[in-house]
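Remarks on the structure that follows.
There are 2 protein chains.
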Amino acid sequence: MDTLPQGTPARRRPGRPRKADSGDTKAEITRAAVRLFARHGFTGTSTRAIAREVGLSESALYAHFTSKQALFEAALARFGPQGSTDSHTAIASMLAETDPPRFLAKMVSDFLEHWDREEARLLISLVTRDGLMHSDALRTALVGMRAYVTSLFDDWLAAGWLPAHLGPAERLAFSFTGPIGLARVMHLHADATPEERTQARADVLQHVELFTSVTFNADHKE
Amino acid sequence: MDTLPQGTPARRRPGRPRKADSGDTKAEITRAAVRLFARHGFTGTSTRAIAREVGLSESALYAHFTSKQALFEAALARFGPQGSTDSHTAIASMLAETDPPRFLAKMVSDFLEHWDREEARLLISLVTRDGLMHSDALRTALVGMRAYVTSLFDDWLAAGWLPAHLGPAERLAFSFTGPIGLARVMHLHADATPEERTQARADVLQHVELFTSVTFNADHKE
DNA sequence: ATTATCTATAGATCTATAGATAATGC
DNA sequence: ATTATCTATAGATCTATAGATAATGC
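Respectively, the protein sequence lines represent chains A and B.
So the first sequence is numbered by the working numbering: it starts at 1 and just counts up by one.
So the second sequence is numbered by the working numbering: it starts at 1001 and just counts up by one.
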């Protein structure tokens, strides 16, 4: 009656594994750690649980990482907020000058695609479990996006795409990015159902449409 | 050299305390628990730490709460999301019919005041630490606010305060409440500096102003 | 010799309970 | 007798280390 818990890989044999069996253990550990940290938090996840998930003994973990904290940091660095403002292709940047509303829609939809991937969603779950929500890392990521949008709006205000009476670009960026950031944090996490995620993405795109329709000049001439 | 950690009350004497010394221990425990849970998370907070904070032995805690989980739930119930849609006074509801933009500004500023109080901020910290962020409790609270705003917008669309071409009330509510919710979650938490909180409140109020200025009909006649 | 694993275990916590003690209120 | 506390401790679990073992690659 000695049934192993589901999904638990068999214990490995003692000694160094045969060449054929050797994978990238360090990466395996990191992946498992992120999953567990995201689900149970840092203190809620034991090194034992991580080891079991990978089919290792606890001590083998310490051959790869000097401490639980070091493992957490490696996990965060691996899955952490990438500075993904690299959607700035040549085509996109042309669009920014000829059709700002379409540019924004494209940009946000690119972000959504990125945030909807499992790695990005694990990060959100991680961050909302371990008090990292209010850490500098996340704040920087969010403020970074707002700063980028602010600079875009500044250009568009100068070029007359946006009427000056709407006020400074920062205010516009706050109202524009707010619903997007909230949707990400609330609905694009590891445990969100596909339906919830689909709904969130649709809501965000409609927000972009509404925002651009009420702010941008309809009759702009270059 | 036996210096006690700062803020640690002296151990109480054995036996039932004198009448003069007896306070509301249960409430004291709950308060301390919320503070610690908010700062270190559920598993990151030991019953020992809570007991020490109140100046009790660990076992005295178990006379008041049957388990750590029960204590956590009591804390959450005590400080949990109150259904504070009771800003619906008679005066406010009159404003809703005569001056929607002013009504919205007043409503949001009331919410901000409530959310800026320490109890409300402790709740945010709690929720962003223990995976409660994506719990039904918080989702319901957020969706609840959106639903309320949606019903307001519906009325105002029907009365002609808002032009029909902006689309359904839900979309308006999403764009309106998004930045407000994000600001609360990101900036109105237990560890936020007064400056950060002031900035957040100001940002939110400016968002409300921007939103109403670009959506509401300037020339509405009753 | 080095690398990647194992088994065994030290030492620190952690939750929760048993049983003693001292005040209260009838 | 009841209430509110204490001291002491059981039993589980957690992080981390020491030392053994078996494969690899020179």
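The beta-carbon is built from N, C-alpha and C at its ideal position, and this holds for glycine as well.
Proximal residues to residue i (C-beta, below 7 Å), its chain only, five neighbours per side dropped
| i | result |
| --- | --- |
| LEU36(A) | THR45, ALA49, ILE50 and GLU53 |
| LEU1210(B) | none |
| PRO100(A) | TRP156, TRP161 and PHE216 |
| LYS1221(B) | Low confidence applies here, because LYS1221(B) scores a pLDDT of 48, under 50, leaving its location unreliable; read the following figure in that light. Excluding residues within five positions, none has a Cβ falling inside 7 Å. |
| LEU166(A) | LEU172 and THR215 |
| THR1098(B) | none |
| LEU1112(B) | ARG1201 and VAL1204 |
Chain-order list of residues whose beta-carbon lies under 6 Å from that of residue i (same chain, five-residue window excluded)
| i | result |
| --- | --- |
| ALA33(A) | ILE50, LEU71 and ALA75 |
| SER1125(B) | ALA1038, HIS1189 and ALA1190 |
| ARG11(A) | none |
| HIS1207(B) | PRO1179 |
| LEU61(A) | THR47 and ALA51 |
| GLY1083(B) | Summary for GLY1083(B): the model assigns pLDDT 49, below 50, so the residue's position carries little reliability, and this model does not support an answer. |
| PRO1005(B) | Here PRO1005(B) scores only 42 on pLDDT, less than 50, and its place in the model is too uncertain to base an answer on. |
Test item: CB-CB of residue i and residue j under 7 Å
| i | j | result |
| --- | --- | --- |
| GLU119(A) | PHE65(A) | no |
| VAL1149(B) | PHE1176(B) | yes |
| LEU1157(B) | GLY181(A) | no |
| PHE42(A) | ASP130(A) | yes |
| ASP154(A) | ALA164(A) | no |
| VAL1214(B) | VAL214(A) | yes |
Presumed contact (8 Å Cβ cut-off) between residue i and residue j, rounded CB distance
| i | j | result |
| --- | --- | --- |
| LEU1152(B) | ALA1096(B) | 7 Å |
| THR1047(B) | LYS1026(B) | THR1047(B) to LYS1026(B), Cβ: 15 Å. No contact. |
| MET133(A) | THR1128(B) | 4 Å |
| LEU205(A) | ALA105(A) | 7 Å |
Candidates the options: closest to residue i by CA position
| i | options | result |
| --- | --- | --- |
| MET186(A) | ALA1137(B), SER1059(B) and PRO1194(B) | ALA1137(B) |
| HIS1114(B) | ALA1202(B), ALA1192(B), THR1193(B) and ARG1184(B) | ARG1184(B) |
| SER59(A) | HIS40(A), ILE29(A), VAL143(A) and ALA77(A) | ILE29(A) |
| GLU196(A) | LEU56(A), ARG121(A) and ALA141(A) | ARG121(A) |
| GLY55(A) | PHE111(A), ALA141(A), GLY23(A) and THR198(A) | GLY23(A) |
| ARG146(A) | HIS1040(B), ARG1018(B), ALA1077(B) and ASP1203(B) | ASP1203(B) |
| SER135(A) | ARG1018(B), ALA1192(B) and ARG1139(B) | ALA1192(B) |
| SER1057(B) | GLY1144(B), ARG1013(B) and LEU1104(B) | ARG1013(B) |
| LEU123(A) | LEU104(A), PRO17(A) and ALA77(A) | ALA77(A) |
Close-in-space but distant-in-sequence residues of the same chain around residue i (CB under 8 Å, 5 per side omitted)
| i | result |
| --- | --- |
| ALA218(A) | none |
| ARG1102(B) | LEU1095 |
| ASP1116(B) | LEU1188, ARG1197 and ARG1201 |
| ALA63(A) | none |
| ARG1031(B) | none |
| ARG18(A) | none |
**Message:** Any C-beta of chain A within less than 9 Å: which residues of the segment 1166–1177 of chain B qualify?
**Reply:** Answer set for the segment 1166–1177 of chain B: LEU1166, GLY1167, GLU1170, ARG1171, LEU1172, PHE1174, SER1175, PHE1176 and THR1177.
**Contacting positions in the segment 1186–1207 of chain B - beta carbon closer than 8 Å to chain A** = Per Cβ criterion, the list reads MET1186, HIS1189, ASP1191, ALA1192, ASP1203, GLN1206 and HIS1207.
**Item:** Under 7 Å (Cβ pairs) to chain B, residues found in the segment 107–127 of chain A
**Value:** Those residues of the segment 107–127 of chain A that come within reach of chain B (Cβ to Cβ, closer than 7 Å) do not exist; the list is empty.
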